[in-house]
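Peer 1: Dropping a structure here in structure tokens format, bear with me for questions.
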Amino acid sequence: MKPRHEAVFRRRERLRKAQNALMTGTFSIAGWVAIVFIFLIFLFTFKETIPIFTDKEIQREANVHKFFVEQQEGPTITDRFVWQPTSDVPKVSLWPIILGTLKATIVGLLFACPVGVAAALFSSEFAPPRLREVIKPVIELLAGIPSVVMGFFALIVIATWLQDAFGFTYRLNAINAGLALGFALVPIVYTISEDGLSAVPRAHREASYALGATRFQTAWKVVLPAAAPAVFASFVLAFGRAIGETMILLMAGGNAAITSFSLFDPLRTLSATIAAEMGEVVVGSAHYSSLFFMGTLLFVITFVSNTLGQLVIKRMQLRMQGAAS
Amino acid sequence: MTRGAADKIAITLLGSSVVLILAILVVLIGNIAMHGARQVTWEFITQPPRDGLMAGGIFPAIVGTAALVILMSIAAVPLGVATAIYLHEYTPAEGLSLAWKRFKASKGRPGRKRLFMRAVSALLATITRSAVANLAGVPSIVFGLFGLGFFINFIGRNIDRATQPPGEVLWGQGSLLWAACTLALLTLPTVIVATEEALRTVPQDLREASLALGATQWETIRRVVLPGSLSGILTGGILGISRGAGEVAPILFTGAAYYLPFLPGDVTDQFMHLGYHVLILSTQSPDVEATKPLLYGTVFVLLALTFLLNLAGVVIRTRTRSRLHR
Numbered sequence: 037m038k039p040r041h042e043a044v045f046r047r048r049e050r051l052r053k054a055q056n057a058l059m060t061g062t063f064s065i066a067g068w069v070a071i072v073f074i075f076l077i078f079l080f081t082f083k084e085t086i087p088i089f090t091d092k093e094i095q096r097e098a099n100v101h102k103f104f105v106e107q108q109e110g111p112t113i114t115d116r117f118v119w120q121p122t123s124d125v126p127k128v129s130l131w132p133i134i135l136g137t138l139k140a141t142i143v144g145l146l147f148a149c150p151v152g153v154a155a156a157l158f159s160s161e162f163a164p165p166r167l168r169e170v171i172k173p174v175i176e177l178l179a180g181i182p183s184v185v186m187g188f189f190a191l192i193v194i195a196t197w198l199q200d201a202f203g204f205t206y207r208l209n210a211i212n213a214g215l216a217l218g219f220a221l222v223p224i225v226y227t228i229s230e231d232g233l234s235a236v237p238r239a240h241r242e243a244s245y246a247l248g249a250t251r252f253q254t255a256w257k258v259v260l261p262a263a264a265p266a267v268f269a270s271f272v273l274a275f276g277r278a279i280g281e282t283m284i285l286l287m288a289g290g291n292a293a294i295t296s297f298s299l300f301d302p303l304r305t306l307s308a309t310i311a312a313e314m315g316e317v318v319v320g321s322a323h324y325s326s327l328f329f330m331g332t333l334l335f336v337i338t339f340v341s342n343t344l345g346q347l348v349i350k351r352m353q354l355r356m357q358g359a360a361s
Numbered sequence: 079m080t081r082g083a084a085d086k087i088a089i090t091l092l093g094s095s096v097v098l099i100l101a102i103l104v105v106l107i108g109n110i111a112m113h114g115a116r117q118v119t120w121e122f123i124t125q126p127p128r129d130g131l132m133a134g135g136i137f138p139a140i141v142g143t144a145a146l147v148i149l150m151s152i153a154a155v156p157l158g159v160a161t162a163i164y165l166h167e168y169t170p171a172e173g174l175s176l177a178w179k180r181f182k183a184s185k186g187r188p189g190r191k192r193l194f195m196r197a198v199s200a201l202l203a204t205i206t207r208s209a210v211a212n213l214a215g216v217p218s219i220v221f222g223l224f225g226l227g228f229f230i231n232f233i234g235r236n237i238d239r240a241t242q243p244p245g246e247v248l249w250g251q252g253s254l255l256w257a258a259c260t261l262a263l264l265t266l267p268t269v270i271v272a273t274e275e276a277l278r279t280v281p282q283d284l285r286e287a288s289l290a291l292g293a294t295q296w297e298t299i300r301r302v303v304l305p306g307s308l309s310g311i312l313t314g315g316i317l318g319i320s321r322g323a324g325e326v327a328p329i330l331f332t333g334a335a336y337y338l339p340f341l342p343g344d345v346t347d348q349f350m351h352l353g354y355h356v357l358i359l360s361t362q363s364p365d366v367e368a369t370k371p372l373l374y375g376t377v378f379v380l381l382a383l384t385f386l387l388n389l390a391g392v393v394i395r396t397r398t399r400s401r402l403h404r
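These protein sequence lines map, in sequence, to chains A and B.
Per this note's numbering, residue 37 is the first one in the first sequence, and the count goes up by one each step.
Per this note's numbering, residue 79 is the first one in the second sequence, and the count goes up by one each step.
Structure follows, in structure tokens:
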């Protein structure tokens, strides 16, 4: 009987080994998925952009020169740089849209960066543990609000309040859209800054106290500078999010591609232009390729800013681990 | 002014930023709850819209959102969990720089090839992690473009070419399936990062004990690692799903419909969506004041849905954390 048992045992061993090898293969393939899709996203967004550079027919309507250089006749910059891709003579200057994107992003960051860092500094250095337990879920709730809800709130509620308070000519403008964008950026700035601030070793603080510094002096002049890379990274990542945010700006930005430096004019961002116009565009037309060109632009900008942000965070983590040990 | 007083003022100023954030959240939620909760009646959540979206309820949008979220989870959660398991269980824990140093220091000693393979594997893990981080940062509208360019215009059209009679379009257009695939991609990073964090909470000793008893790596993962990190993985899944449930930009051109008189019956159907409905009601309405109650009601339902999901995720996580710290 013994040999038969042995055979059964061996067969089971082989089965276990095979099962293990199968699962190792499965998980390894899954490991490739993220890389493959990042690559595919770039490939397929870029693929639809290529005609801008190669197709003579499409280049007559839209090309890099027309996007960035060409001007119309007119006295003001608003007349000279125009985005009207569907008029009889298509005008496809990207400047009104790029300017709109930058205006909203800057207002958003001007709100979110100071508020986010101040809140992070407060909660990592001064808040009693019990209060900290409250702050974190609150920030998480804010981060969990869908951007379409934030856009709705900016469009229906904030815009009216701001206009009543400051008498803006246009209800929807860069201030209103930027502020709502800022609300959505606060959690990013807060979370990453707070991680960095909490990672600063205790010894830094104790040395500062020993030299007679007050609690605020320690936080402001010792802890904050030590965590400066993380704070910087949080700004960079918030910038990446702001550039790509769509729904808030589509709803609250006023949806007018106007070349203007004024924060009180309505605006249109890259993302909002894609969202608003892709639905009606003829597939394969110059307009279609132009929209994909904007998408590629967004992808590249966010890819660079995210990579930079991640890199800074990683280096900071390594340094802090070194300092702690 | 004494140093102590100046200190107090500065700290109060910092604290006021926390109060500001809290105030924003309270005003936002309060405003929506105040105007929205009143609208949510039985009729509102069980009836389709009427009179050109000016009256009626949001039943098709609720069903569409639910169907989309379920399909998305089926795609995103298993894939995300598998990727995280690969990253955490199958790649060297010591990281790239250390693995490479060990390989370089091993000159002339046996087992050098293995150390080299370890370094390569660590390199792959580093690249994958940065790909995941970058995927998380890709703007949601670019996901929408990708869904249109890849899923619909590339995969869908090619399926049509192979299976449908010429001229017929079934797969090569916006649908529940393609929208769910696009959203799944968007939520993938959230699931991966949260699952990896959950796997990290399982003590290394347990894995080693299991391997020492003769279990294969898969058996260790199946019987030791996964049961120990299940609640963390669940949290990651729920947080990812709640993020996906609220996103509108990726589904704008991949299948969301303005108005449909019927419910989606197949994955190739278009669908209505709560978030998209909010966008339509607030930007396309001929009479904003008249649609406002409906709009508030829809926003309330959407917000309640995402908050409930979020809350569930956070509660499970807090519980797990306190259990671990004990």
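C-beta: ideal position from N, C-alpha, C; glycine also.
Quick one: what does DSSP say residue 335/A is sitting in, helix, strand or coil?
Peer 2: Reduced to three states, the DSSP call for residue 335/A is helix.
Peer 1: Could one say the Cβ of residue 406/B lies closer than 8 angstroms to chain A's Cβ atoms, at least one of them?
Peer 2: Residue 406/B is absent from the structure shown; chain B starts at 79 and stops at 404.
Peer 1: Distance cutoff 8 angstroms, beta carbons only. Does residue 236/B sit that close to anything in chain A?
Peer 2: No - not a single Cβ of chain A is within 8 angstroms of the one on residue 236/B.
Peer 1: Below 8 angstroms, how does it come out for the segment 265-284 of chain A and the segment 140-151 of chain A: are there three or more Cβ pairs, yes or no?
Peer 2: As far as the Cβ criterion goes, the segment 265-284 of chain A touches the segment 140-151 of chain A, which means the pair count is three or higher.
Peer 1: Nearest by alpha-carbon distance to residue 66/A: which of 352/B, 111/B, 163/B, 134/B is it?
Peer 2: Checking every option, the nearest Cα to that of residue 66/A belongs to 163/B.
Peer 1: Under the three-state reduction of DSSP, which class applies to residue 256/B: helix, strand or coil?
Peer 2: Of the three classes helix, strand and coil, the one that applies to residue 256/B here is helix, per DSSP.
Peer 1: What distance in whole Å lies between the Cβ atoms of residue 218/B and residue 280/A, which are believed to be in contact at a cut-off of 8 angstroms?
Peer 2: That belief holds up - the Cβ atoms of residue 280/A and residue 218/B are roughly 7 angstroms apart, short of 8 angstroms.
Peer 1: Can you check which of these residues, 305/A, 338/A, 310/A, 263/A, is closest to residue 26/A by C-alpha distance?
Peer 2: Beyond the ends of chain A as shown, which are 37 and 361, falls residue 26/A; an answer cannot be given.
Peer 1: Checking contacts by CB at 8 angstroms: is residue 228/B closer than that to chain A?
Peer 2: Answer yes: the Cβ-Cβ gap between residue 228/B and chain A drops below 8 angstroms somewhere.
Peer 1: What ranges does the alpha helix (DSSP H) occupy inside the segment 275-361 of chain A, keeping only unbroken runs of at least 4 residues that lie completely in it?
Peer 2: List check, alpha helix (DSSP H) in window: 283-288, 306-313, 322-360.
Peer 1: Helix, strand or coil: how does DSSP classify residue 128/A here?
Peer 2: Strand, per DSSP.
Peer 1: Hey, out of 157/A, 73/A, 77/A, 46/A, whose CA is closest to residue 266/A's CA?
Peer 2: Cα-wise, what sits closest to residue 266/A is 157/A.
Peer 1: In this structure, does DSSP put residue 253/A in helix, strand or coil?
Peer 2: Here residue 253/A sits in helix by DSSP.
Peer 1: If you run the structure through DSSP and keep just helix, strand and coil, what is residue 127/B?
Peer 2: In this structure, residue 127/B counts as strand in the three-state DSSP scheme.
Peer 1: Could you have a look at residue 134/B and say whether DSSP puts it in helix, strand or coil?
Peer 2: Three-state DSSP puts residue 134/B in a strand.
Peer 1: Quick check on the DSSP output: the alpha helix (DSSP H) that includes residue 283/B runs from which residue to which?
Peer 2: Start and end: 282-290.
Peer 1: Taking DSSP's pairing of strands, which residues face residue 214/B in a bridge?
Peer 2: Partner(s): none; residue 214/B has no beta bridge.
Peer 1: For residue 122/A versus residue 331/A, is the C-beta spacing smaller than 8 angstroms?
Peer 2: No, the pair does not count as a contact, with Cβ atoms beyond the cut-off.
Peer 1: Is the beta carbon of residue 257/B closer than 8 angstroms to that of residue 146/B?
Peer 2: Against a cut-off of 8 angstroms, the Cβ pair of residue 257/B and residue 146/B comes out as a contact.
Peer 1: Quick check on DSSP: helix, strand or coil for residue 243/A?
Peer 2: Reduced to three states, the DSSP call for residue 243/A is helix.
Peer 1: Can you tell me which of the three DSSP states residue 171/B falls into?
Peer 2: It is coil, neither helix nor strand.
Peer 1: Going by Cα to Cα distance, which pick from 252/B, 253/B, 238/B is closest to residue 246/B?
Peer 2: When each option's Cα is compared against that of residue 246/B, the closest is 238/B.
Peer 1: Is there a Cβ of chain B sitting closer than 8 angstroms to that of residue 280/A, yes or no?
Peer 2: It does; some Cβ of chain B falls within 8 angstroms.
Peer 1: What does DSSP give as the partner residue(s) for residue 119/A in the beta ladder?
Peer 2: Per DSSP, 128/A.
Peer 1: List, in chain order, every chain B residue whose beta-carbon is nearer than 8 angstroms to that of residue 334/A.
Peer 2: The contacting residues are 217, 219, 220.
Peer 1: Less than 7 angstroms between the CB of residue 246/B and some heavy atom of the ligand GTP, yes or no?
Peer 2: In the structure on display, the ligand GTP does not appear, and there are no ligands present to speak of.
Peer 1: Determine the DSSP secondary structure at residue 404/B, reduced to helix, strand or coil.
Peer 2: Summary for residue 404/B: the model assigns pLDDT 43, below 50, so the residue's position carries little reliability, and this model does not support an answer.
Peer 1: Run down chain A in chain order and give the residues with a C-beta less than 7 angstroms from the C-beta of residue 205/B.
Peer 2: By Cβ distance, chain A contributes 71.
Peer 1: Can you give me, in chain order, the residues of the segment 324-341 of chain B that have a beta carbon less than 8 angstroms from any beta carbon in chain A?
Peer 2: The segment 324-341 of chain B vs chain A, Cβ under 8 angstroms: 324, 325, 326, 327, 330, 331.
Peer 1: Have a look at residue 234/B and residue 72/A and give me their C-alpha separation to the nearest angstrom.
Peer 2: Near 19 angstroms, if we compare the C-alpha coordinates of residue 72/A and residue 234/B.
Peer 1: Got a sec, what are the start and stop residues for the alpha helix (DSSP H) residue 389/A sits in?
Peer 2: Coverage of chain A is limited to positions 37 through 361, which leaves residue 389/A absent and any answer about it impossible.
Peer 1: If we cut at 8 angstroms on Cβ distances, does residue 176/A have a partner in chain B?
Peer 2: Judged by the 8 angstroms Cβ criterion, residue 176/A is in contact with chain B.
Peer 1: By the 10 Å Cβ neighbour count, where 16 or more other Cβ atoms means buried, how is residue 152/B classified, buried or exposed?
Peer 2: Exposed, by the Cβ-count rule.
Peer 1: With a threshold of 16 other CB atoms inside 10 Å of the CB of residue 466/B, please say whether the residue is buried or exposed.
Peer 2: Coverage of chain B is limited to positions 79 through 404, which leaves residue 466/B absent and any answer about it impossible.
Peer 1: What residue from 338/A, 255/A, 306/A has the CA that sits closest to residue 329/A's CA?
Peer 2: It is 306/A whose Cα lies nearest to the Cα of residue 329/A.
Peer 1: Which residues, in chain order, does the segment 201-233 of chain A contribute to contact with chain B at a C-beta distance below 7 angstroms?
Peer 2: If the cut-off is 7 angstroms between Cβ atoms, the segment 201-233 of chain A has 219, 222 near chain B.
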